[in-house]
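From first to last, the protein sequence lines are chains A and B.
Under the numbering used here, the residues of the first sequence are numbered 6 to 303, in order.
Under the numbering used here, the residues of the second sequence are numbered 34 to 322, in order.
Before any comments, here is the structure.
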Amino acid sequence: MQSDILSEIVVLSGKGGTGKTSITASLAVLAGADAVIADCDVDAANMHLLLKPDFGQTFEFYSGELAVINQDLCNQCGTCADVCRFHAIPQDKNQYQINALDCEGCGYCEKVCPTHAITMQERRSGNVYISKTKAGSAMVHARLDIAAENSGKLVAKVKNDAKAIAMAGNKHVIIVDGSPGIGCPVVSSLAGANYVILVTEPTMSGLHDLKRVYAVIKKFRIKAGCIINKYDLNNEKTSEIKNFLKEEQIGHLADIPYDSIFSKAMIEEKTIVEIESPLKHIVEGIWEKVKEQLTRKN
Amino acid sequence: MAVNNPLKIAVASGKGGTGKTLLSTNLAAFLSQEQKTLLVDLDVEEPNDFLFINGAVENVSDQYKMIPSWDEPKCTLCGSCSNTCNFHAVVQLGTFIAVFNELCHSCYACSELCPAQALPMHKHKMGTVTTKSSGNLTFIESRLEVGEEQAVPLINQTHDLVDTYYKAIPIQIFDCPPGTSCPVVAATKNADFVVLVTEPTPFGLNDLRLAVETMQKIQKPVGVVINRWGIGNDEVEKYCDQAQIPILAKIPFDKKIAEYYSNGELVHDKIEHLSTSLHQLITAIQHAV
């Protein structure tokens, strides 16, 4: 890897449960102390279970706002409830109340309240942690508060912190575990990335979701490579995926056979490269290929 | 609850890939052998149920959200809209008003508070709802347009559509998105009962805990289905025991199920232990609500 360049790798899958996090954590172990790890699957973060970060520093994360009604000032006119498009201000026991789960924080109610009874308050949406992993790398991870919004913003925060740490420490690579889907957390995790690793499986759902997430990646014009996990589950679907990769000029990084070592390693709180098996060597091969991709000029 | 309200069952999970789609599609098809059943795919970012459900497409409708558009001749460049928008979706750039569609939450504040009425709201396509029907089974898929970032408005709109047109279907299954944040809350909020699908691994357990906390916060009764039972350890069962959450069914790991699934085939009529599990599941839910 060129010493003066910081590369950012994002691992995505579209569909959940394809082995994305197990593979990301394995790459993190192989990268060692030269990497900064970012767990951007803030909705259901799992990488900490394998990388054993020390939760060294904790920061509260605030994002978005919540309307709050001062009942002493409220004259029950109902204007706020009339303008709220989110039905977040029901009348209960003759009082207008904000339903925090429905309030999107637009502030329309605050602006139209004739008695200035409504104020907008900052909303806590989770914790961000800066840790050291068992591989010696720095890791930024987060825990979104239960039923909180704005996971896209929290993803951006985790990524920006990881970048700052990498630059300050002269690190060369940031490895990002993304979330499933194609919505705001995925889009946030793609901003600024140099390379995307796609982890899929040979099922109709796997291929369908891969295509959708790749359509998003394409908009960002980021180079991508794909791993077909459990490739031997359905050979026909595996070749369909390979055809798709060829058509779209997505690199084919590796085929990984179905292996119970994924869950066995997880139970031992290890990554698959910490246990001697053929899979260990496949994942090592993937990491070599990815490093090669990063040094290559487009 | 009024007698003729439908029974709404949401199928959710913290972790992705635990078997929500497998369970939702097979449960719906299983129930439809005996009664009218509705299946709604609310995993709008990555909807997969349609791969398993045959039947003729009856209706496809575009779904819109409302966003402001700048009416330049009317605009006095007073800057009110830019100050009003809490999401930075409407920004005044010199003598130009820029609207960032993907940031807009459709709150209407900029539009209705504009003193010159220079930001009328107009329709913006965010997704598609497709209806299929086969025998007793009606299937609705809600699909987010690629490039759209907000799942919640589409999920909410799909609920409204179901309540307007399909109220008469007595049993309704909602396949929800993975995770624990706003899309899951939106997808499960109308449910009478939430089934959380997990797998017996540390990831499965970690995300199940988060999903349970989310459902407790919105006060939904929950039960757990352990899929791929046997691949991991018994920590999920211990947790459910301790937290007094009913385990509704355990679906043993079966490579046959995975193979059928990979080809987009239903299994409730092919794998006997699965139909037994589905029967247990629905009996337990009906008993619980």
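The C-beta atom is built at its ideal place from N, Cα and C for all residues, glycine as well.
It is roughly 19 Å from the alpha-carbon of B/LEU72 to the alpha-carbon of B/GLY256. Within the segment 206-230 of chain A, those residues whose Cβ lies closer than 9 Å to any Cβ of chain B are, in chain order, GLU206, PRO207, THR208, MET209, SER210, GLY211, HIS213, ASP214, ARG217, VAL218, ALA220, VAL221 and LYS224. CA-to-CA, the gap between A/ALA105 and A/ASP39 works out to about 42 Å. Here DSSP, grouped into helix, strand and coil, assigns A/HIS121 to coil. Here A/SER68 carries a strand assignment [DSSP, helix/strand/coil]. In the three-state reduction of the DSSP assignment, B/SER65 falls in the coil class. Of the residues B/ALA142, B/SER139, B/VAL123 and B/CYS140, the one whose Cα lies closest to the Cα of B/PHE133 is B/VAL123. Using a C-beta cut-off of 8 Å, the segment 34-51 of chain B makes no contact with the segment 146-166 of chain A, since fewer than three inter-stretch Cβ pairs fall below that distance. Rounded to whole angstroms, the gap between the alpha carbons of B/PRO101 and B/ILE280 is 48 Å. Ranked by Cα distance from B/PHE120, the first of B/CYS143, B/GLU105, B/TRP262 and B/TRP103 is B/CYS143. Leaving aside the five residues that flank A/LYS242 on each side, the residues in its chain whose CB is nearer than 8 Å to its CB run, in chain order, PRO207, THR208, MET209, GLY211 and LEU212.
The secondary-structure analysis by DSSP pairs A/GLN62 across a beta bridge with A/ILE135. DSSP places B/GLU91 in the uninterrupted beta strand (DSSP E) bounded by 89-101. The residue from B/VAL162, B/PHE236, B/GLN150 and B/ARG242 with its alpha-carbon nearest to that of B/GLN277 is B/ARG242.
Your pair A/VAL145 and A/ALA43 checks out as a contact, with CB atoms roughly 5 Å apart and the cut at 8 Å. Counting only the Cα atoms, B/TYR293 lies some 10 Å from B/PHE85. Around the beta carbon of A/ASP87, a 10 Å sphere encloses fewer than 16 other beta carbons of the protein chains shown; the residue is thus reported as exposed.
DSSP, read as helix, strand or coil, puts A/MET172 in helix. The CB of B/ASN266 comes closer than 7 Å to the CB of ILE272 in chain A, given here in chain order. A straight-line Cα-Cα distance of about 39 Å links A/ILE94 and B/LEU311.
Between A/THR120 and A/CYS79, the alpha-carbon positions lie close to 7 Å from each other. The bridge partners DSSP lists for B/GLN150 come to none.
Around the beta-carbon of A/MET52, 16 or more other beta-carbon atoms lie within 10 Å, marking it buried.
Comparing alpha carbon positions, the residue from A/GLU252, A/ILE135 and A/LYS139 closest to A/ILE170 is A/ILE135.
Taking the beta carbon of A/ILE187 as reference, the chain B residues within 8 Å of it are GLU78, GLU79, LEU177 and VAL179, listed in sequence order.
The C-beta separation of B/ILE290 from B/VAL258 comes to about 13 Å, leaving the pair out of contact by the 8 Å criterion. For the options B/ALA201, B/LYS158 and B/ILE188, the alpha carbon positioned closest to that of B/ASP208 is the one of B/ILE188.
The distance from the Cβ of A/GLY186 to that of B/PRO186 is about 15 Å, inconsistent with a contact at the 8 Å cut-off. Measuring C-alpha to C-alpha distances from B/LEU152 to each of B/LEU194, B/PHE172, B/GLU105 and B/ALA43 identifies B/GLU105 as the nearest. Of all residues in the segment 112-128 of chain A, only GLY112, TYR113 and LYS116 come within less than 7 Å of chain B when Cβ atoms are compared, listed by chain position. Chain B places no beta carbon closer than 7 Å to that of A/ILE233, leaving this residue out of the contacts. Membership of B/TYR293 in the alpha helix (DSSP H) is indicated by the continuous run 288-295. According to the DSSP assignment, B/PHE85 belongs to no alpha helix (DSSP H), since it is labelled neither H nor E.
In the DSSP annotation of this structure, B/GLY265 is not part of any alpha helix (DSSP H), being labelled neither H nor E. Just so you know, the alpha carbons of A/VAL73 and A/VAL34 end up roughly 46 Å apart. Beta-bridge analysis with DSSP links B/SER167 to B/LEU170.
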